[in-house]
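Encoded as structure tokens, the structure appears first; notes follow it.
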Amino acid sequence: MQENHPAPRTPHPAPLGLYIHIPYCASRCYYCDFNTYRFDAVQAEQYLTGLSQEIDVWAATESVRNRQICSVFFGGGTPSILEASQIHDVLDHCRAAFMLEDGAEISLEANPGTVDLPKLRAMREGGVNRLSFGVQAVQDGLLQRIGRSHGAHEAEQTFWLARTAGFLNINLDLMFGLPGQNLDDWVKSLRWAIRLNPEHLSAYGLILEEGTRLHHEHRAGSLELPDEETEAAMYQMTIELLQGAGFEQYEISNFSQPGFHCRHNLVYWQHQEYLGLGAGAYSFLGGRRFYNELLPANYLRAIRERGTAVAGSEPVSHETLRSERLMLGLRLRAGLDLQTFKEMLGIDDLSASDRVVRLLDDGFLGLKEGRVQITARGLLVANELIVQLL
Amino acid sequence: MATDLNHIRNFSIIAHIDHGKSTLADRLLEETGALPPRQMEAQVLDQMDLERERGITIKAKSVRLRYRPQGGQEYILNLIDTPGHVDFSYEVSRSLSACEGALLVIDAVQGVEAQTLANAHLAMQHELSIVPVINKIDLTNSDIGLVKRQIEEVLAIDASEAILCSAKQGIGTQEVLEAVIKRIPPPQGSPHAPLKALIFDSSFDPYQGVIVNVRLYEGQVFPGMRILLMSTGAAFEVAQVGVFAPQMRPAELLSAGEVGYIIAGIKDVRQTRVGDTITAEERPTGRPFPGFKEVRPMVFAGLYPTESEQYLELKEALEKLRLNDSSFTFEPETSLALGFGFRCGFLGLLHMEIIQERLEREFGLTLITTAPTVVYRVTKSDGSVVDVQNPSHLPSPQQLVRIEEPYIKASIMAPGEYVGQIFGLCQEKRGIQRGVEYLEGGRVLITYDLPLNEIVMDFYDRLKSATRGYASLDYEFLEYREGRLAKLDILVNSEPVDALSSIVPKEQSHLRGRVLVERLRELIPRQLFEVVIQAAIGGKVIARESVRPLRKNVTAKCYGGDITRKRKLLERQKEGKRRMKQVGRVEIPQEAFMAVLKVHAP
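If you read the sequences in order, they're chains R and F.
If you're matching positions, the first sequence starts at 1 in this note's numbering and goes up one per residue.
If you're matching positions, the second sequence starts at 391 in this note's numbering and goes up one per residue.
Structure (structure tokens):
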């Protein structure tokens with residue numbers, strides 16, 4: 001990057017998504033295996049300094065400097081644990097260093113209880129235009145059971161504060177399949193969310209990830225999880241209730257009001273490129289997947305020593321690309337266009353694959369407007385379908 | 391080359407599995423300098439990876455050792471390593487006939503076991519001089535006195551001169567070498583008589599063709615000479631002769647009494663059958679080696695590629711394996727359920743496992759193996775007699791007059807307290823008791839006539855678990871006997887799956903049908919739709935189970951940018967599917983095809 005006369009910036013046709021990882025939380029939830037650590041104001045400050053350096057280094061690279069950025073996503077961790085001014089600074093820096101599209105989606109993950117009205121206002125003014133609240137459930141007992149530090153009442157209050165602060169694009173995360181949760185609890189969570197009428201809803205099923213507290217409890221046999229039948233009913237109920245309330249299901253676990261699909265997540269699912277900054281962040285850039293040093297201390301040292309913190313990378317082979325496009329594309333309700341689908345399967349005609357014919361005949365896959373989609377019936381067994389096609 | 395016969399000894403080491411045969415062989419190689427210690431890789435003679443891993447010898451081979459006793463003249467000691475498993479008993483018998491004596495290795499802790507007995511009897515039949523060697527005497531729980539009493543009482547061998555040894559520690563190995571010289575007689579036979587050589591093994595080398603392992607009884611063989619294989623009448627010109635030391639070392643000639651190899655441009659191991667006699671074309675011997683028989687596979691199973699595109703690869707791999715293994719057979723077979731594959735014949739279960747493992751390991755194939763079965767001899771109503779190697783080919787009851795199945799004589803040795811369990815098991819396995827003998831040290835020798843098919847099923851595993859691993863088993867083929875047998879069919883979603891058919895005793899057919907469908911219900915994973923499994927005899931359904939459809943398998947979680955992790959999760963699921971065969975619309979895992987073997991009342 002030692003050019004005397006830098007070439008004028010001509011936008012690369014495909015825009016990039018930008019992910020910024022904030023690896024701090026007040027406490028770890030019992031189901032969480034994400035890359036996050038207990039919040040400490042001093043460490044966070046140092047971390048942001050490193051992040052700032054990383055922004056500069058990447059912004060100057062050939063693979064990024066001519067790319068439009070269509071979305072910025074602050075994920076974590078709990079990004080809202082930072083001061084609004086700190087977020088503001090990071091965003092200002094991004095605007096200066098990258099080519100942010102006008103109207104780029106700028107999302108931030110927040111936990112109820114970590115924000116008040118002034119902070120929300122400051123974040124809005126700083127440029128954040130989409131908030132994603134981790135609500136998970138509306139029963140205080142269930143929330144405690146999974147280690148959340150807020151109650152249902154707090155979640156509602158925070159939601160209205162966000163509206164007051166001018167946020168017109170809000171997502172709520174809800175979780176089903178929680179220990180002790182029954183179908184009725186879940187319906188209440190959904191109804192509560194529908195009443196708040198956010199622009200976007202994510203309904204995630206609990207997954208017991210190794211190393212989490214719930215996983216330990218499960219192995220010790222002290223976890224009463226809903227049975228498979230109940231879980232299936234919860235998922236079906238989600239689709240039914242949310243669609244009835246005017247939400248469009250555009251991905252396996254994501255729903256939105258018309259026009260409010262999450263731009264950032266679509267980058268992942270539509271197999272577009274993205275740059276991840278911060279500890280443990282993943283990138284997909286220039287045909288390679290790579291990831292940063294996981295531990296904040298290692299991340300900072302790497303940034304200091306070599307400007308970036310890439311810890312590992314793998315080229316995406318043709319074969320891998322094929323599986324990924326299938327796996328990601330079919331998660332979208334819109335599915336894959338017929339041509340891409342056939343290419344990914346290496347067939348000229350759908351009838352060339354017995355499996356595809358069978359899945360279409362049995363109504364697990366559907367063909368609509370020149371696209372192959374997983375049907376409503378197929379959604380519950382989406383993994384099985386994707387695996388059969390891989 | 392020709393050494394004075396008095397300075398040659400041909401011997402083998404025989405033992406029950408794990409009694410230390412290969413370790414002793416290694417030690418002898420080391421002591422005689424055939425290999426310097428630093429070049430020793432544990433168990434030199436077991437060259438195949440599989441042999442080393444499993445600690446068993448699969449192929450017979452020989453090695454030439456030079457040994458000079460203190461102040462004496464040098465001796466040539468030919469150690470002929472024999473396969474250590476009942477599947478290869480014919481090869482063992484041929485290897486033994488190439489020797490004048492045998493070291494009978496017995497574990498000082500385990501004592502005499504079933505294979506010790508079988509091997510000792512075999513050695514006696516061949517009139518070999520037997521030198522008992524009590525091995526592992528360094529172990530604290532060894533009981534030399536007891537083992538000596540067992541040797542005398544059970545084997546009727548004088549144990550007073552048994553050699554005490556620990557091959558692992560190198561204790562007693564000099565005494566073993568001394569005993570080979572003093573207690574095993576030298577070979578006899580005239581180098582001037584017509585050539586008479588016994589084939590005890592052969593292997594295939596892509597550059598030199600078949601390498602035949604031989605023991606010469608009479609005459610000489612040398613490059614340029616024309617030899618005749620007596621069972622086939624095929625003649626070849628000798629290109630090279632030599633000895634294994636332990637690497638192949640060419641020699642000018644091999645002479646009566648010696649052990650070595652012959653290379654003669656032979657292209658196919660099936661032409662050099664173990665037990666055949668090689669003689670000179672010009673001047674054939676009038677006395678070929680007696681007792682030659684063609685080894686016939688006893689156990690058959692279908693081998694199918696999980697991906698049908700691998701059919702040709704499988705065929706090529708089978709052809710390559712057969713280059714080295716004349717006792718293994720295969721022919722194309724078509725299964726309605728499994729598509730195109732091969733029906734393969736093996737000497738026994740171990741042989742089958744070895745071939746299967748080599749196909750997967752060395753050739754990278756993914757296979758579905760159907761449950762092994764014996765060969766049934768079926769008399770049809772038109773009077774014709776057919777061999778049935780595949781249960782699904784059993785003629786219909788209307789066309790069937792008689793089914794006969796192979797029986798074996800099983801010798802089981804175990805501590806006395808397990809007699810009850812062993813009787814129970816043999817009873818369940820349709821055994822006929824032939825004898826019970828109480829031996830020194832509280833052990834019992836039990837003999838039964840048993841259908842070979844029961845051995846092919848789970849007999850050995852069940853015997854081991856019924857006796858906490860203490861029982862040992864050896865068996866030999868007896869004869870074909872009529873059985874009251876019926877074909878048990880399995881239907882999956884109303885379609886018969888030929889590869890799951892089995893032939894079962896009539897009186898147990900209902901029970902086995904019920905247990906089998908239950909096992910299959912556990913083994914067949916849930917699918918997108920319900921899977922109904924039925925057992926039927928003669929078209930009549932006798933048991934039914936169903937696998938309920940997959941209800942929910944969806945990852946409703948956001949992994950953010952970590953697409954790789956998400957992909958790997960799905961790829962792992964995909965990997966699991968590779969081990970399954972699509973039968974109609976149902977995916978059936980490999981284990982299901984083996985379930986037939988493990989069907990017994992709970």
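Beta carbons are placed, not taken as given, at the ideal position from N, Cα and C, and that holds for glycine.
All values reported here derive from a predicted model rather than from experimental measurement.
Only 939, 940, 941, 942, 943, 944, 945, 946 and 947 from the region 931-947 of chain F bring a Cβ to less than 9 Å from some Cβ of chain R. For the 8 Å CB-CB criterion, residue 281 of chain R and residue 295 of chain R do not form a contact. For residue 985 of chain F, the number of other beta carbons within 10 angstroms of its own is at least 16, and it is reported as buried. Per DSSP, reduced to three states, the secondary structure at residue 919 of chain F is coil, with no helix or strand assignment. One alpha carbon belongs to residue 757 of chain F, the other to residue 881 of chain F, and they sit about 22 Å apart. Here DSSP, grouped into helix, strand and coil, assigns residue 816 of chain F to helix.
Contact check for residue 485 of chain F against residue 402 of chain F passes: the beta carbons are separated by less than 8 Å.
Not one beta carbon of chain F lies nearer than 8 Å to the beta carbon of residue 72 of chain R.
Contact note: residue 362 of chain R reaches chain F through 918 and 919, using a C-beta cutoff of 8 Å and chain order. When DSSP assignments are scanned along the region 807-877 of chain F, the uninterrupted stretches of beta strand (DSSP E) that are 3 or more residues long and fall wholly within it turn out to be 822-828, 833-841 and 862-872.
Using a CB distance cut-off of 8 Å, residue 954 of chain F counts as an interface residue toward chain R. Neighbours of residue 284 of chain R across chain F, judged by C-beta separation under 9 Å: 951 and 953. Rounded to the nearest whole angstrom, the CA to CA distance from residue 868 of chain F to residue 820 of chain F is 15 Å. The C-beta of residue 961 of chain F comes closer than 8 Å to at least one C-beta of chain R.
Rounded to the nearest whole angstrom, the CA to CA distance from residue 613 of chain F to residue 463 of chain F is 29 Å.
Among the residues facing chain F, residue 237 of chain R is not included, as its CB has no counterpart in that chain under 8 Å away. Residue 279 of chain R carries a coil assignment under DSSP once its states are collapsed to helix, strand and coil. The three-state secondary structure of residue 599 of chain F, taken from DSSP, is strand. For residue 724 of chain F, the enclosing beta strand (DSSP E) has its first and last residue at 719-725. When C-alpha distances from residue 727 of chain F are compared across F/879, F/608 and F/516, the shortest belongs to F/879. In this structure, the straight-line span from the alpha carbon of residue 812 of chain F to that of residue 731 of chain F is close to 38 Å. Nearest CB-CB separation between residue 317 of chain R and chain F: not below the 8 Å threshold. Rounded to whole angstroms, the separation of the alpha carbons of residue 311 of chain R and residue 169 of chain R is 35 Å. Within 10 angstroms of the beta-carbon of residue 651 of chain F lie 16 or more other beta-carbons, which makes it buried. Flagged as an interface residue toward chain R: residue 964 of chain F, by a C-beta distance shorter than 8 Å. Its chain contains 16, 284 and 285 as the residues whose beta carbon lies nearer than 6 Å to that of residue 273 of chain R, once the 5 sequence neighbours on both sides are disregarded; these appear in chain order. Not one beta carbon of chain R lies nearer than 8 Å to the beta carbon of residue 971 of chain F. Taken in chain order, the region 778-802 of chain F contains no complete alpha helix (DSSP H) segment of 4 residues or longer. With the criterion set as a beta carbon lying under 8 Å from some beta carbon of chain F, the region 113-129 of chain R has no members that meet it.
Taking residue 537 of chain F as reference, the option from F/567, F/498 and F/559 with the minimal CA-CA separation is F/498. A Cβ-Cβ distance of about 5 Å is found for the pair residue 54 of chain R and residue 277 of chain R, placing them in contact under the 8 Å criterion.
Under the rule that a run must span 4 or more residues, the alpha helix (DSSP H) segments found entirely inside the region 177-203 of chain R read 183-196. Going by beta carbons, residue 647 of chain F and residue 585 of chain F fall outside the 8 Å limit. Residue state for residue 383 of chain R is assigned as helix, using DSSP reduced to three classes. The straight-line gap separating the alpha-carbon atoms of residue 377 of chain R and residue 248 of chain R is approximately 16 Å.
Contacts with chain F at 8 Å (Cβ-Cβ) do not include residue 180 of chain R.
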